[in-house]
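Quick note, the sequence shown lines up with residues 2 to 223 if you use this note's numbering.
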Amino acid sequence: MNKFLFWKRTIESRVGQILLILMVLGLPTPSLAQSESNFQTFKTFQDWCYNRQQLSPEAKRTLDVLLQQVGTSNCDRADQMLAQQQIVDLSTFLLSDLTPLQGLTQITVLKLKNNHISDLTPLQSLTNLEELDLSYNKIIDISPLQSLTKLVRINLSYNQITDVSPLRNLKVLNEVNLNNNQIVEITALKPLTKLRFLFLQNNPLISTECPISPKYICRFDT
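Given below as structure tokens:
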């Protein structure tokens with residue numbers, strides 16, 4: 002028994018030494034590497050929920066708000082309830098990390114107004130979205146929205162957007178609100194022939210020539 006304990010302690014000591022060396026060299030320890038690998042495999046809301054302790058504080062906050070919305074902390078039950086929802090409103094919750102949303106691929110309306118969002122990458126899997134409100138956030142890059150080809154209405158007002166070209170392939174857009182951004186050029190929106198309302202107030206535009214016909218579709222004035 003004493004011999005067994007001796008070898009056990011020796012192995013534990015060697016493992017500890019190896020982990021210490023890895024940490025000193027700035028290399029990921031096996032546990033951290035495994036955690037990162039698992040994080041990459043999260044696909045469904047259940048995955049995110051069951052592994053909530055591995056999430057960043059920002060992602061965990063988003064997860065907790067979703068659980069609050071459906072009124073349960075049970076991951077299976079929450080997943081079932083969210084799967085039945087087509088409209089999700091997460092406005093004014095101080096959210097910044099949207100990764101727990103990427104498995105909610107069935108939703109058609111998503112409201113994220115008045116948060117701290119800058120990274121839209123998690124939304125690119127939500128290809129059934131028809132209406133999206135991202136107003137009053139911290140968004141600069143909207144390129145992840147290129148995959149949302151079913152979007153009919155989008156509100157991107159009160160952000161820091163400069164380049165609107167990622168919207169040009171969203172051919173069924175009917176209404177786009179780009180008020181209060183940093184946009185200087187809108188010719189990229191010319192292919193959006195189904196637009197009926199394009200709001201562009203309070204942008205440093207180099208030209209107020211509407212690229213879409215009829216011209217009154219563009220709303221430059223307050």
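Where is the CB? At the ideal position from N, CA and C, for every residue including glycine.
Spatially closest choice to Leu201 from Leu157, Leu133, Gln69, by CA coordinates: Checking every option, the nearest Cα to that of Leu201 belongs to Leu157.
For Leu21, does the three-state DSSP call read helix, strand or coil? Unreliable positioning characterises Leu21 in this predicted model, as indicated by a pLDDT of 47, which lies under 50. A coordinate reading is not provided.
Terminal residues of the continuous beta strand (DSSP E) containing Phe46? Segment 46-51 is the alpha helix (DSSP H) holding Phe46; no beta strand (DSSP E) there.
Cut-off 8 angstroms between Cβ atoms - residues of its own chain near Asn181, not counting five sequence neighbours on either side: So the qualifying residues of the chain are Ser158, Tyr159, Asn160, Gln202, Asn203, Asn204.
Element boundaries [alpha helix (DSSP H), containing Leu133]: Annotation for Leu133: no alpha helix (DSSP H) segment contains it, though the beta strand (DSSP E) segment containing it runs 132-134.
Rounded to the nearest angstrom, what separates Thr231 and Met82 at their Cα positions? An answer regarding residue 231 cannot be provided, because it is not within the stretch 2 to 223 covered by the chain.
Could you check whether Glu131 and Lys151 sit closer than 8 angstroms to each other, using their CB atoms as the reference points? In this structure, Lys151 lies near Glu131, with their beta-carbon atoms less than 8 angstroms apart.
Near Val110, what residues of its chain come up, given a Cβ to Cβ distance below 6 angstroms and the 5 sequence neighbours on each side ignored? Excluding residues within five positions, the ones whose Cβ falls inside 6 angstroms are Ile88, Glu132.
Span of the beta strand (DSSP E) holding Arg78? No beta strand (DSSP E) holds Arg78; the alpha helix (DSSP H) holding it covers 76-84.
Quick check on DSSP: helix, strand or coil for Arg242? Here the chain has residues from 2 to 223 only, and residue 242 is not among them.
Using the Cα positions of Ser225 and Leu168, report the straight-line distance between them to the nearest angstrom. A question about residue 225 goes unanswered here, because the residues of the chain that appear run from 2 up to 223.
Find the nearest neighbour of Leu113 within the set Gly104, Ser126, Thr128, Ile140, judged by alpha-carbon distance. When each option's Cα is compared against that of Leu113, the closest is Ile140.
Of the residues Thr73, Ile155, Lys195, Arg62, which one's Cα is nearest the Cα of Leu135? Considering only alpha carbons, the answer is Ile155.
Secondary structure at Arg154, three-state DSSP: helix, strand or coil? It is a strand residue.
For Asp80, does the count of other Cβ atoms within 10 angstroms reach 16, so buried, or fall short, so exposed? Buried is the label assigned to Asp80, since at least 16 other Cβ atoms lie within 10 Å of its Cβ.
Does the Cβ of Leu33 have 16 or more other Cβ atoms within 10 Å, making it buried, or fewer, making it exposed? Residue confidence is low: Leu33 scores 39 on pLDDT, short of 50, so the model does not pin down where it sits. No coordinate-derived value is stated.
So, at 6 angstroms on beta carbons, what are the nonlocal neighbours of Cys211 in its own chain, with the 5 sequence-adjacent residues on each side left out? The residues Cys219, in chain order, have a CB closer than 6 angstroms to that of Cys211 in the same chain once the five nearest residues on each side in sequence are set aside.
Once you ignore the five residues that flank Gln86 on each side, which residues in its own chain have a CB closer than 7 angstroms to its CB? Cβ within range, chain order: Ile108.
Gln69 to Ser214 span [Cα, whole Å]: Between Gln69 and Ser214, the C-alpha separation is close to 45 angstroms.
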